[in-house]
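Novice: Residue numbers (my numbering), protein chains in the order written: chain A, 1 to 185; chain B, 1001 to 1098.
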Amino acid sequence: MAEIVFYLLAVAAVGSAVLCISQKNPIPSALWLVSTMFALAGIYVLLNAQFIAAMQVLVYAGAVMVLFLFVIMLLNLGRDDQTDIKKGPVVLVAVLLGAGIVAALIATRDTSVAGLAARLGGSNPAASPLDLMGGGEVQSVAAFNNAIGSIAKPMFQTYLVPFELTSVLLLAAAVGAVVLAKRKL
Amino acid sequence: MLLGPSLVLSAILFSIGVVGVMIRRNAIVLFMCVELMLNAVNLSFVALSTAHGFGGQVMVFFVMTVAAAEAAVGLAIILAIFRHTKSVDLKNINLLQG
Chain A
1 MAEIVFYLLA VAAVGSAVLC ISQKNPIPSA LWLVSTMFAL AGIYVLLNAQ FIAAMQVLVY
61 AGAVMVLFLF VIMLLNLGRD DQTDIKKGPV VLVAVLLGAG IVAALIATRD TSVAGLAARL
121 GGSNPAASPL DLMGGGEVQS VAAFNNAIGS IAKPMFQTYL VPFELTSVLL LAAAVGAVVL
181 AKRKL
Chain B
1001 MLLGPSLVLS AILFSIGVVG VMIRRNAIVL FMCVELMLNA VNLSFVALST AHGFGGQVMV
1061 FFVMTVAAAE AAVGLAIILA IFRHTKSVDL KNINLLQG
């Protein structure tokens, strides 16, 4: 059952992504990207990451894409009749490169814990990525805590300093965006 | 058990983003393709976190924060460029070309 839903969502995500990069008007392009993000949110739920799915819908499909649509409409870009998609051999080269990237990524993927440990730690698989990433047995832990509690624990213990630094980053980005978009300082 | 298919989907979405960056000239659509690539990486983080612990999900949270900051600053830069050149087409943005 979960597999069927996964493959439906995966087809929706890939189809929307292809439509996103092939629309000549940027507004439908942005809306197809929103569709991709919703499909990805569904996949996150299937992967037991309910909090991330909610954040995906709120932050990405909501805030970020509204910002994109706002700028597109502010600059009045949706009215051009000519397309900005390049013509000629560059498209073929791009598609071939994309296929190459897919092939390389699929050929080198290794989903086992031992394989990842061997890549990270060399000879000692006992120093496993479970120590590095602070967890393991996600489903049982998620069932013991609730969906938010299980992600809040590493975020506010192991990753407390990076978490605080992101607030500085957001402040810098907000100030920078205002300074860049202002006509005169 | 969805880990392998999720990683394949992530690779496909990432390369669609790469193709988009290569074939488009509209700066805003280019930004959207970068967002698509960030989403693909997020998917592989979440998929691997089902096997390797919750750190991957925390990392997705950070990626989302950085993506939001990047979108805000990038769109402000596009606004400033649009004021100069009256266009967001990358072929008109060639100030550094010799």
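All C-beta atoms, glycine included, are put in the ideal place defined by N, C-alpha and C.
Sort L19(A), F156(A), I4(A) and V45(A) by Cα distance to V34(A) and report the nearest one.
Specialist: L19(A)
Novice: According to a CB-to-CB cut-off of less than 8 Å, which residues of the segment 1020-1044 of chain B neighbour chain A?
Specialist: G1020, M1022, I1023, R1024, R1025, N1026, I1028, V1029, F1031, M1032, C1033, E1035, L1036, N1039, N1042 and L1043
Novice: Which chain B residues are close to S150(A), counting only those with a beta carbon under 9 Å from its beta carbon?
Specialist: F1054 and Q1057
Novice: Pop quiz: A1072(B) and L67(A) are said to be a contact at Cβ under 8 Å. What is the actual Cβ separation, rounded to whole angstroms?
Specialist: 7 Å
Novice: Let me see if you follow: with CB-CB separation under 9 Å, is N48(A) close to chain B or not?
Specialist: For N48(A), the answer is yes, since a Cβ of chain B falls inside 9 Å of its Cβ.
Novice: How long is the line joining the alpha carbons of L1079(B) and N1026(B), rounded to whole angstroms?
Specialist: The straight-line gap from Cα to Cα measures roughly 13 Å.
Novice: Rounded to whole angstroms, what's the CA-CA distance from V11(A) to K184(A)? Just pull it up for me.
Specialist: 47 Å
Novice: Closest to Y44(A) by CA distance: which of V90(A), A174(A) and A2(A) is it?
Specialist: A2(A)
Novice: Please check if any C-beta of chain B sits within less than 9 Å of the C-beta of S29(A).
Specialist: yes
Novice: For E1035(B), count neighbouring C-beta atoms within 10 Å of its own C-beta (all shown protein chains included) and say buried if the count is 16 or more, exposed if not.
Specialist: buried
Novice: Give me the DSSP bridge partner(s) of N1026(B).
Specialist: N1026(B) has D1089(B) as its beta-bridge partners, per DSSP.
Novice: Contact between the segment 77-89 of chain A and the segment 13-33 of chain A is defined here as three or more beta-carbon pairs at a separation below 8 Å; is this criterion met?
Specialist: yes
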